[in-house]
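A.B. asks: Take 1 as the starting number for the sequence shown in the UniProt record's numbering and just add one per residue. Here you go, one structure.
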Amino acid sequence: MAWKFMFASAVLAVTRTMPRAFVAPRGPAVVSDNAMEMELKPAPINPEWILDGNPQARSSEQSASGDRAAYTAIWDCTAGTFRWYFGWDETVYILEGEVHITDADGGTRTLRAGDVAYFRGGTWATWKIDNYLRKVAFMRRTLPAPASFIYRASDAVKRRLGRRKSGALN
1 MAWKFMFASA VLAVTRTMPR AFVAPRGPAV VSDNAMEMEL KPAPINPEWI LDGNPQARSS
61 EQSASGDRAA YTAIWDCTAG TFRWYFGWDE TVYILEGEVH ITDADGGTRT LRAGDVAYFR
121 GGTWATWKID NYLRKVAFMR RTLPAPASFI YRASDAVKRR LGRRKSGALN
């Protein structure tokens, strides 16, 4: 029983000091832009991934976390069909246009302005854009398994001690 308290104490100590000890210096507390007015720069799609048409993609980084493990970007693309590899977890919010998505298992869906979708890192999807698409992309590196375990264990300990409500973001 005593080892459980020692483990819980160690996890709490690590999680309380980790942000100060290991996180890189942070930028401004708030970064805001108009997603429809940001200047986008060419972000060519890998030619080997293009299946049809001549899709022209552009993007602009809107913000990045202090540890560079999370980014927010605006991305747009003209008509075409291509495969896309998601190297990071990515949540997208469609601002304008429409895209037909086919996942690796053959499942299809159409995303339109106002829709939100999540793509797990390490997966492929086929994107078919009929005219034009503009999206906000929230990208996050996945944590290595040991770090992810420590993070989840820390949350469990905090919940048991009443310092964090289940489902809370912090």
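Virtual Cβ for every residue (Gly too), placed ideally from N, Cα, C.
(1) Determine, using beta carbons only, whether Ala125 and Asp103 come nearer to each other than 9 Å.
(2) Following the continuous beta strand (DSSP E) through Ala64, name the residue where it begins and the one where it ends.
(3) In its own chain, which residues sit with a C-beta less than 8 Å from the C-beta of Ala73, not counting the 5 before and 5 after it?
(4) Hey, could you find the ends of the beta strand (DSSP E) Val92 is sitting in?
(5) Between Gly107, Leu161, Ser32, Asp115, which has its C-alpha nearest Leu95's C-alpha?
(6) Taking DSSP as the reference, what is the three-state secondary structure of Asp30?
(7) Report, in whole angstroms, the separation of the C-beta atoms of Thr78 and Tyr132, which I expect to be a contact under 8 Å.
C.D. replies: Result, derived from the coordinates:
(1) In this structure, Ala125 lies near Asp103, with their beta-carbon atoms less than 9 Å apart.
(2) It spans 57-64 - the beta strand (DSSP E) in which Ala64 sits, taken as one unbroken run.
(3) Correct list, in chain order: Ser59, Ser60, Glu61, Gln62, Val136, Ala137, Met139.
(4) Residues 89-103.
(5) Closest by C-alpha distance to Leu95, out of Gly107, Leu161, Ser32, Asp115, is Asp115.
(6) Per the sequence shown, residue 30 should be read as Val rather than Asp. Correct three-state label for Val30: coil.
(7) Approximately 6 Å separates the beta-carbon atoms of Thr78 and Tyr132; this is inside 8 Å, confirming the contact.
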